[in-house]
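Taking it in order: structure first as structure tokens, then the write-up.
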């Protein structure tokens, strides 16, 4: 009975740990990151280069008015374990003033200004002459806390958004348009956790911080899973010992002289 009580208590403890560890994994569902605080006004302009990029919070929608052919830049933070997605909407000039189709594109760069590939999304799209808007999106790979210097893995820090028309009739350059961009993130939990971390997020001093500040991978839900696995292994060892050790010398066998 003692062994049964130990196994029952251990099973309940392991179940509680596993239930707690599962909570961060459920965060990898199709829901956006917490919005920026209501006291922070959304940007209504964009930069024209990396150095003048306008900072945007996670979940905040930035707008800007510009001329066709301009390069627009924004920046936002992404921490370890987050998978960023950038969406953009371009409101085109009046169709009567345009002279042909145009192609629009968004690119996302990390704090080292390396262009990051999109896992999925419509990064570039052509618009017919009579189109009113163009919708673009780019979902990056999950951000990791640390990577080798030769690797192109996305690291914690500032990320830059660049929006521009890559194909445009010369007569349409300079026509006014409006742009909206919104960076969001999903928490991926410990599925992409790695050993090590950066001493400082890339470009962290020049960007707004993520909601709750920079963590850079100090926590991962692998810890509870590891603890639960160790506990279950110890309980299995105790149960195996109790099942195989026997009950000692049978009473019918006389002791040795």
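In the numbering used here, the protein residues as written are 122 to 378.
Backbone N, C-alpha and C fix where the C-beta goes; we use that ideal spot for every residue, glycine too.
Helix, strand or coil: how does DSSP classify residue 230 here?
-> DSSP, read as helix, strand or coil, puts residue 230 in strand.
Could you give the C-beta distance for residue 192 and residue 173, rounded to a whole number, given that I count them as a contact under 8 Å?
-> About 10 Å separates the two Cβ atoms, so there is no contact after all.
Through-space distance from residue 300 to residue 294, alpha-carbon basis | Going from the Cα of residue 294 to the Cα of residue 300 covers about 16 Å.
Which value, in whole angstroms, describes the spacing of the CA atoms of residue 184 and residue 199?
-> Between the C-alpha atoms of residue 184 and residue 199 there is a straight-line separation of about 20 Å.
Is the CB-CB distance between residue 243 and residue 257 below 9 Å?
-> In contact: residue 243 and residue 257 (Cβ atoms closer than 9 Å).
If we call anything under 9 Å between Cβ atoms a contact, is residue 248 one with residue 224?
-> In this structure, residue 224 lies closer than 9 Å to residue 248 by Cβ.
Sorted by chain position, which residues of the same chain lie with C-beta nearer than 6 Å to residue 255's C-beta, five sequence neighbours on each side aside?
-> 211, 225, 246 and 248, listed in sequence order.
Which stretch, first to last residue, makes up the beta strand (DSSP E) that contains residue 196?
-> Where residue 196 is concerned, the enclosing beta strand (DSSP E) stretches over 193-199.
Counting pairs of beta carbons, one from the region 203-210 and one from the region 301-308, are three or more of them closer than 8 Å?
-> Flag = yes, the region 203-210 and the region 301-308 touch.
Using CA coordinates, which residue listed in 232, 219, 203 and 187 is at the minimum distance from residue 321?
-> Closest by alpha carbon: 232.
Which first and last residues belong to the beta strand (DSSP E) in which residue 304 is found?
-> It spans 297-308 - the beta strand (DSSP E) in which residue 304 sits, taken as one unbroken run.
Using the beta-carbon count (16 or more within 10 Å), is residue 291 buried or exposed?
-> Residue 291 is exposed by the Cβ-count criterion.
Starting from residue 281, trace the beta strand (DSSP E) both ways and give me its first and last residue.
-> Unbroken beta strand (DSSP E) run through residue 281: 278-288.
May I ask which residues mark the beginning and end of the beta strand (DSSP E) holding residue 211?
-> Counted as a single uninterrupted DSSP element, the beta strand (DSSP E) harbouring residue 211 occupies residues 203-212.
Taking the alpha-carbon positions, what's the residue 267 to residue 169 distance?
-> So the two alpha carbons sit approximately 30 Å from each other.
Exposed or buried, what is residue 364 when buried is set at 16 or more other beta-carbons lying within 10 Å of its beta-carbon?
-> Residue 364 is exposed by the Cβ-count criterion.
Residue 251 (DSSP reduced to helix, strand or coil) | When secondary structure is reduced to three states using DSSP, residue 251 falls in the coil class, being assigned neither helix nor strand.
Could you give the DSSP three-state label for residue 257: helix, strand or coil?
-> Residue 257 sits in a strand when the DSSP states are folded into three classes.
Straight-line Cα distance separating residue 278 from residue 324 | Those two C-alpha atoms are separated by around 6 Å.
Can you give the Cα-Cα distance for residue 197 and residue 189, rounded to whole angstroms?
-> Distance between the alpha carbons of residue 197 and residue 189 is about 24 Å.
With burial defined as no fewer than 16 other Cβ atoms inside 10 Å of the residue's Cβ, what is the status of residue 287: buried or exposed?
-> With fewer than 16 Cβ atoms within 10 Å of its Cβ, residue 287 is classed as exposed.
CA-to-CA distance, residue 236 to residue 229, given in whole angstroms = Straight-line Cα distance between these residues: approximately 6 Å.
Label residue 281 either buried or exposed according to how many other C-beta atoms from any shown protein chain fall within 10 Å of its C-beta, with 16 as the threshold for buried.
-> Classification of residue 281: buried, given that the 10 Å Cβ count is 16 or more.
Indicate the three-state DSSP secondary structure (helix, strand or coil) for residue 175 in the structure shown.
-> Three-state DSSP puts residue 175 in a strand.
Counting along the chain, where does the beta strand (DSSP E) carrying residue 336 start and finish?
-> In the DSSP assignment, residue 336 falls outside any beta strand (DSSP E), carrying neither H nor E.
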